[in-house]
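Here's the structure we're looking at; comments come further down.
Protein chains: 4
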Amino acid sequence: MAAQAPAADGGQKQPITPRSARGVRTRNALVVAAREVFERDGYLDARITDISKAAHVASGSFYTYFNSKEEIFEALVEQVQEEMLHPHLRERTGITDPREMIDASNREYLRAYKKNARLMALFEQVAQIDEKFKQLRIERGNAFARRNAKLIRSLQESGQADPDLDPLVTAHALSVMVSRMAYLVFVLGQRIPYEKLVTTLNKIWENGLQLRPEAPRTPAAPDAPGVLDG
Amino acid sequence: MAAQAPAADGGQKQPITPRSARGVRTRNALVVAAREVFERDGYLDARITDISKAAHVASGSFYTYFNSKEEIFEALVEQVQEEMLHPHLRERTGITDPREMIDASNREYLRAYKKNARLMALFEQVAQIDEKFKQLRIERGNAFARRNAKLIRSLQESGQADPDLDPLVTAHALSVMVSRMAYLVFVLGQRIPYEKLVTTLNKIWENGLQLRPEAPRTPAAPDAPGVLDG
Amino acid sequence: MAAQAPAADGGQKQPITPRSARGVRTRNALVVAAREVFERDGYLDARITDISKAAHVASGSFYTYFNSKEEIFEALVEQVQEEMLHPHLRERTGITDPREMIDASNREYLRAYKKNARLMALFEQVAQIDEKFKQLRIERGNAFARRNAKLIRSLQESGQADPDLDPLVTAHALSVMVSRMAYLVFVLGQRIPYEKLVTTLNKIWENGLQLRPEAPRTPAAPDAPGVLDG
Amino acid sequence: MAAQAPAADGGQKQPITPRSARGVRTRNALVVAAREVFERDGYLDARITDISKAAHVASGSFYTYFNSKEEIFEALVEQVQEEMLHPHLRERTGITDPREMIDASNREYLRAYKKNARLMALFEQVAQIDEKFKQLRIERGNAFARRNAKLIRSLQESGQADPDLDPLVTAHALSVMVSRMAYLVFVLGQRIPYEKLVTTLNKIWENGLQLRPEAPRTPAAPDAPGVLDG
DNA sequence: AATGAATGAGTCTTCATTCAT
DNA sequence: GATGAATGAAGACTCATTCAT
Numbered sequence: 000m001a002a003q004a005p006a007a008d009g010g011q012k013q014p015i016t017p018r019s020a021r022g023v024r025t026r027n028a029l030v031v032a033a034r035e036v037f038e039r040d041g042y043l044d045a046r047i048t049d050i051s052k053a054a055h056v057a058s059g060s061f062y063t064y065f066n067s068k069e070e071i072f073e074a075l076v077e078q079v080q081e082e083m084l085h086p087h088l089r090e091r092t093g094i095t096d097p098r099e100m101i102d103a104s105n106r107e108y109l110r111a112y113k114k115n116a117r118l119m120a121l122f123e124q125v126a127q128i129d130e131k132f133k134q135l136r137i138e139r140g141n142a143f144a145r146r147n148a149k150l151i152r153s154l155q156e157s158g159q160a161d162p163d164l165d166p167l168v169t170a171h172a173l174s175v176m177v178s179r180m181a182y183l184v185f186v187l188g189q190r191i192p193y194e195k196l197v198t199t200l201n202k203i204w205e206n207g208l209q210l211r212p213e214a215p216r217t218p219a220a221p222d223a224p225g226v227l228d229g
Numbered sequence: 000m001a002a003q004a005p006a007a008d009g010g011q012k013q014p015i016t017p018r019s020a021r022g023v024r025t026r027n028a029l030v031v032a033a034r035e036v037f038e039r040d041g042y043l044d045a046r047i048t049d050i051s052k053a054a055h056v057a058s059g060s061f062y063t064y065f066n067s068k069e070e071i072f073e074a075l076v077e078q079v080q081e082e083m084l085h086p087h088l089r090e091r092t093g094i095t096d097p098r099e100m101i102d103a104s105n106r107e108y109l110r111a112y113k114k115n116a117r118l119m120a121l122f123e124q125v126a127q128i129d130e131k132f133k134q135l136r137i138e139r140g141n142a143f144a145r146r147n148a149k150l151i152r153s154l155q156e157s158g159q160a161d162p163d164l165d166p167l168v169t170a171h172a173l174s175v176m177v178s179r180m181a182y183l184v185f186v187l188g189q190r191i192p193y194e195k196l197v198t199t200l201n202k203i204w205e206n207g208l209q210l211r212p213e214a215p216r217t218p219a220a221p222d223a224p225g226v227l228d229g
Numbered sequence: 000m001a002a003q004a005p006a007a008d009g010g011q012k013q014p015i016t017p018r019s020a021r022g023v024r025t026r027n028a029l030v031v032a033a034r035e036v037f038e039r040d041g042y043l044d045a046r047i048t049d050i051s052k053a054a055h056v057a058s059g060s061f062y063t064y065f066n067s068k069e070e071i072f073e074a075l076v077e078q079v080q081e082e083m084l085h086p087h088l089r090e091r092t093g094i095t096d097p098r099e100m101i102d103a104s105n106r107e108y109l110r111a112y113k114k115n116a117r118l119m120a121l122f123e124q125v126a127q128i129d130e131k132f133k134q135l136r137i138e139r140g141n142a143f144a145r146r147n148a149k150l151i152r153s154l155q156e157s158g159q160a161d162p163d164l165d166p167l168v169t170a171h172a173l174s175v176m177v178s179r180m181a182y183l184v185f186v187l188g189q190r191i192p193y194e195k196l197v198t199t200l201n202k203i204w205e206n207g208l209q210l211r212p213e214a215p216r217t218p219a220a221p222d223a224p225g226v227l228d229g
Numbered sequence: 000m001a002a003q004a005p006a007a008d009g010g011q012k013q014p015i016t017p018r019s020a021r022g023v024r025t026r027n028a029l030v031v032a033a034r035e036v037f038e039r040d041g042y043l044d045a046r047i048t049d050i051s052k053a054a055h056v057a058s059g060s061f062y063t064y065f066n067s068k069e070e071i072f073e074a075l076v077e078q079v080q081e082e083m084l085h086p087h088l089r090e091r092t093g094i095t096d097p098r099e100m101i102d103a104s105n106r107e108y109l110r111a112y113k114k115n116a117r118l119m120a121l122f123e124q125v126a127q128i129d130e131k132f133k134q135l136r137i138e139r140g141n142a143f144a145r146r147n148a149k150l151i152r153s154l155q156e157s158g159q160a161d162p163d164l165d166p167l168v169t170a171h172a173l174s175v176m177v178s179r180m181a182y183l184v185f186v187l188g189q190r191i192p193y194e195k196l197v198t199t200l201n202k203i204w205e206n207g208l209q210l211r212p213e214a215p216r217t218p219a220a221p222d223a224p225g226v227l228d229g
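If you read the sequences in order, they're chains X, W, F and G.
Going by numbering that gives the first Met the number 0, the first residue of the first sequence is number 0, and it counts up by one from there.
Going by numbering that gives the first Met the number 0, the first residue of the second sequence is number 0, and it counts up by one from there.
Going by numbering that gives the first Met the number 0, the first residue of the third sequence is number 0, and it counts up by one from there.
Going by numbering that gives the first Met the number 0, the first residue of the fourth sequence is number 0, and it counts up by one from there.
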């Protein structure tokens, strides 16, 4: 009752990692169901009961694997992350021309965003509601910006980009521009034709950096903001 | 007893517009308290009870003026809107040089955002949660974009801006870039020095539009995204 | 949601002290109902729902005044305490003969215990279950023992009681003997005639202390263990 | 399909007596684990799951041997009983002097109580919670009291003890005094030096019975209250 | 016999909303 | 209009018990 010794498991709650095949199936079913329900009802209106129901398991089974809505959401994010993880553009494509690179990475980003629009909307929402996830997005955004900043810096050093721009701030700005436009179009439904969206964003990147058209044989260009960038 | 006589107000709830001076005071106290509580606890965790308590009125009194949290939030938005409403830059300042105009409007926007950062964070949050408010922001964003698009178009026509850019999409993109950076810095706490933020954003606008430096005698420049733009 | 600022009330929960007459009535009804339900079902099986039901209020109303079963139990204890509180024997009766005093206080204690047997059983039970209440009983027992020890000491000093006895330990021992016998008889139902119980306990007190029969004009004698003693 | 054939065991549940050596081991492990968990968490907070975990068996295996927490507790009690069972004092020691006997049996009781304090606390607790176990303790206490009463009676008959005392009630009273003091000191932590505790209790027994110091050649003295006395 | 997941009944608890004074 | 208590629907969560493998 009152002042009992804490449980022997060190205060951790029950959630287990499934040991049997059946357990794996159930856990997966729950994560899949969670995605369904979250996308359908939004994070806030999603009831744990509904997730269990959608997974065709008893309500209590949810707690075999997760402690809370937040926790299963985390699991969902991790899973999606894995799916979306892939090597960087340059390594995959061998593209080195900055213009081509900007185009490729913006296209890739926008395509992925469009494809997972409901999920992205969900992430947007949760980042506004849950502190932990908000932090995650900040860090992710910073990582992207740092990487892009490096590329911008190298373009500046080789005389291909406007040397007056602060690389890190510029990287942030151009990244949020792209990701926010993706949100505007694919989540909020702003009607902008896809091709026009891509070309305009490309153009602003190029103009913004003042890319010298006659880029001779140069190296880098920024990688696109990742799917989870803010 | 059987057939209820329909209420005179057609089934609408009670919320009244205060008639007495006391009523006005109470209603105001509630709106002020709502802002306090919303900023402190976030929209979701703010309980109507807390708002009433903060306003030093009985919990039941809330319903004399509002039907729901959403409704008092609306009232809060309207009030803030009034406070922030002011004529457009050009009309106020007479500035016509595009560069100056970009600088002035970005500064004005960022200053206002910083000053009301907690409120802006709140708006961001509610737009993710409440459908009605989400629509409001879309419309507001569109209005801004249309206005800025007009200015971009006129710059293009006078040969001062890159004619390849789609004016409306560009207007959207540059606007969200600024507003999102404001969010990043003033709400999420990204550490970017104020002056560096302003100059970088200015630069990207200018570069992005390819403003001809020798802008001879031309007119327009985009108005900054308003305080409530997304 | 996640890391929200704590409520403005300093972390205290809602429970209020009733401000209206109606509120006082409701709160009282709940405490009375709690006693009923606790005595009927035992502490563990008593559901908050049942208490509310017995008090003829909605289930949620319980939480207007209490946070938990433990809390309303505390309120019940306090109330009972007040009812049972009365001046010490000697002050009330003027008895000074040790034998008479022992008899009077044992009788009083046993009578009160018998009258409130179900409540006493309840206290016994909760002291085994709830740490806070267990502490309360320890302290109460100590207070009694200290008082009785003082009396024993003075009897020893005036040559009326066995000087070999440790006053404090003896006080504890004789007190727990009486209270535990009360429990045995009135709660567990051990069939011992009331009068035989009293006289036997009296006798053991007298013998135990080796009270000199010819106690001339002496002063003190121990006060009986109080109703709540362990 | 319609009429269920009654199970061969008459509706009784499964719990088995282990047939294999492995079964014996598992069952033992569970009882040992139960003691651990009960002592650590208290009867109420002990979950069957925890007992299984502590025994390193799957949660479902519990039900191979027991139907409920109550049932394994019973098994635990029985096991402890066996361990503690030993012949009566007199038979073991040959002591016949009443004073020596009181001393010996009190010492023995208190030593055993101290050694198993957590277990005794547990028994105390369960007796307050579980009806079946409460009955057990009543019976046990009665058995002790009857035996001690017989001894008191014989002391009275041989002129060694106060003839005014009711033997049975006195036996109860002195027994509960000892056992309750043991609880006070070893479970509740009342700080009384061991030796002082023993000698004081001895003294009260002797004084209480008014043992004639010159005890000539007499036989009996009460056996101490057994470990499970109330 | 052992395993370890699945089940779901039973309570607690919150708080927007109503209402008698 | 204001008050402050009462209401009760809604959901979260626990854990003893069952069961397929």
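Even for Gly, the Cβ is constructed at its ideal location relative to N, Cα and C.
In this text the structure is predicted, and so the values were computed from the model without any measurement.
field: Asp129(X) (DSSP reduced to helix, strand or coil)
entry: In this structure, Asp129(X) counts as coil in the three-state DSSP scheme.
- prompt: Since Glu32(X) and Ile47(X) are thought to touch, with beta carbons under 8 angstroms apart, how far apart are those beta carbons, to the nearest angstrom?
  reply: Rather than Glu, the amino acid found at residue 32(X) in this sequence is Ala. With a beta-carbon spacing of about 11 angstroms, Ala32(X) and Ile47(X) fall beyond the 8 angstroms limit used to define contacts.
Check whether Val186(F) and Leu196(F) have beta carbons under 8 angstroms apart: A distance of 8 angstroms or more separates the beta carbons of Val186(F) and Leu196(F).
field: Arg18(G), DSSP secondary structure in three states
entry: Reduced to three states, the DSSP call for Arg18(G) is coil.
- prompt: Candidates Val56(F), Tyr42(F), Thr95(F), Ile101(F): which alpha carbon is nearest Glu73(F)'s?
  reply: Measuring from the Cα of Glu73(F), the nearest candidate turns out to be Tyr42(F).
field: Cβ pair count under 8 angstroms reaching 3, the segment 139-148 of chain G against the segment 162-180 of chain G
entry: Short answer: they touch.
- prompt: So with Cβ pairs under 8 angstroms, would you call Met83(X) a contact of chain W?
  reply: By this cut-off, Met83(X) is not an interface position.
Contact list for the segment 112-143 of chain G against chain F, Cβ threshold 7 angstroms: Listed by position along the chain: Glu123, Gln124, Gln127, Ile128, Ile137.
Closer than 8 angstroms to chain F by CB, Leu200(G): Closer than 8 angstroms: yes.
message: Is Ala220(F) close to chain G? Criterion is C-beta to C-beta, closer than 8 angstroms.
response: In this prediction, Ala220(F) scores a pLDDT of 49, lower than 50, which makes its location untrustworthy; the coordinate-derived value is nonetheless stated afterwards. No, Ala220(F) lies away from the interface with chain G (no Cβ there is under 8 angstroms from its Cβ).
message: DSSP three-state label for Asn27(G), please.
response: Asn27(G) sits in a helix when the DSSP states are folded into three classes.
query: Which stretch, first to last residue, makes up the alpha helix (DSSP H) that contains Thr95(F)?
result: From DSSP, Thr95(F) is part of no alpha helix (DSSP H); its letter is neither H nor E.
field: Val175(X): contacting residues in chain W (beta-carbon distance under 7 angstroms)
entry: Contacts between Val175(X) and chain W, judged by CB atoms closer than 7 angstroms, involve Met176, Arg179, Met180, Leu183 in chain order.
task: Within the same chain, show all residues whose beta-carbon is closer than 6 angstroms to that of Arg247(X), passing over the 5 residues directly before and after it, in chain order.
output: The first residue shown for chain X is 0 and the last is 229, placing residue 247(X) beyond what the model contains.
- request: Give every residue of the same chain whose Cβ lies closer than 6 angstroms to the Cβ of Lys113(F), excluding the five residues on either side of it in the sequence, and list them in chain order.
  value: Sequence-distant Cβ neighbours of Lys113(F) in its own chain, meaning closer than 6 angstroms and more than five residues away, are Phe185.
task: Report the neighbours of Gly158(W) on chain X: residues whose CB is nearer than 8 angstroms to its CB, in chain order.
output: Within chain X, no residue comes near Gly158(W); the closest Cβ sits about 16 angstroms away, beyond 8 angstroms.
query: In this structure, does DSSP put Ser58(G) in helix, strand or coil?
result: For Ser58(G), the three-state secondary structure derived from DSSP is helix.
task: List the residues of chain G that Ala172(F) touches, going by C-beta distances under 7 angstroms, in chain order.
output: Going along chain G in sequence order, the residues near Ala172(F) (Cβ under 7 angstroms) are Met176, Met180, Thr199, Leu200, Ile203.
query: Which of helix, strand or coil does DSSP assign to Asp165(F)?
result: Coil.
message: Does the contact criterion of 3 or more C-beta pairs under 8 angstroms hold for the segment 198-213 of chain W versus the segment 196-210 of chain X?
response: Look at the beta carbons and you see the segment 198-213 of chain W touching the segment 196-210 of chain X: at least three pairs across the two are nearer than 8 angstroms.
message: For Ala116(X), tell me which candidate among Pro192(X), Pro14(X), Gly188(X), Arg18(X) has the shortest Cα-Cα distance.
response: Relative to the Cα of Ala116(X), the nearest Cα in the group Pro192(X), Pro14(X), Gly188(X), Arg18(X) belongs to Gly188(X).
- request: Taking Lys195(W) as the query, report the chain X residues whose CB atoms sit under 7 angstroms from its CB, ordered along the chain.
  value: Simply Asp165, Val168.
message: So the candidates are Ala53(F), Asn141(F), His55(F); which of them puts its Cα closest to the Cα of Ile303(G)?
response: There is no way to answer for residue 303(G), as the model of chain G reaches only from 0 to 229.
query: Which of the three DSSP states, helix, strand or coil, is assigned to Pro218(F)?
result: Only weak support is given to the placement of Pro218(F): the predicted model assigns it a pLDDT of 48, under 50, and the value that follows is read from those uncertain coordinates. Pro218(F) falls in the coil class under three-state DSSP.
- prompt: Can you give the beta carbon distance from Val251(X) to Pro14(X), rounded, assuming they're within the 8 angstroms contact cut?
  reply: Residue numbering for chain X in the displayed model covers 0 to 229; residue 251(X) lies beyond these limits and cannot be assessed.
query: Of the residues Asp40(G), Glu38(G), Ser60(G), which one's Cα is nearest the Cα of Ala28(G)?
result: The residue with the shortest Cα to Cα distance from Ala28(G) is Ser60(G).
message: Measuring only the C-alpha atoms, how far is Ile137(X) from Arg211(W)?
response: Each residue's alpha carbon lies about 36 angstroms from the other.
field: Neighbourhood of Ala6(W) by C-beta, 7 angstroms cutoff - its chain only, sequence neighbours within 5 removed
entry: Confidence is the limiting factor: at Ala6(W) the pLDDT is only 43, short of 50, which leaves the residue's position unreliable, though a coordinate-based value still follows. Excluding residues up to 5 positions away in sequence, nothing lies with its Cβ nearer than 7 angstroms to the Cβ of Ala6(W) in the same chain.
message: At the level of alpha carbons, what is the spacing between Thr63(W) and Asp44(W)?
response: Answer to the nearest angstrom: the Cα atoms are 22 angstroms apart.
query: Mind checking if Asp161(G) is an interface residue toward chain F, Cβ cutoff 8 angstroms exclusive?
result: With respect to chain F, the C-beta atom of Asp161(G) has a partner C-beta closer than 8 angstroms.
query: Do we get a CB-CB distance below 8 angstroms when we pair Gln155(X) with the residues of chain W?
result: For Gln155(X), the answer is no, since every Cβ of chain W falls outside 8 angstroms of its Cβ.
field: Bounding residues of the alpha helix (DSSP H) (the contiguous stretch that carries Asp182(W))
entry: Going by the sequence as given, residue 182(W) is Tyr instead of Asp. Counting along the chain, Tyr182(W) falls outside any alpha helix (DSSP H), and DSSP gives it neither H nor E.
message: With H, G and I counted as helix, E and B as strand and the rest as coil, what does DSSP make of Val226(F)?
response: A caution first: Val226(F) carries a pLDDT of 44, below 50, which makes its placement in the model too unreliable to give a value.
- request: Determine the chain F residues that contact Ile191(G) at a beta-carbon separation under 9 angstroms, and present them in chain order.
  value: Within chain F, the residues near Ile191(G) are Asp165, Leu167, Val168, His171.
task: Give the DSSP-derived three-state secondary structure of Ala160(F) in the structure shown.
output: Reduced to three states, the DSSP call for Ala160(F) is coil.
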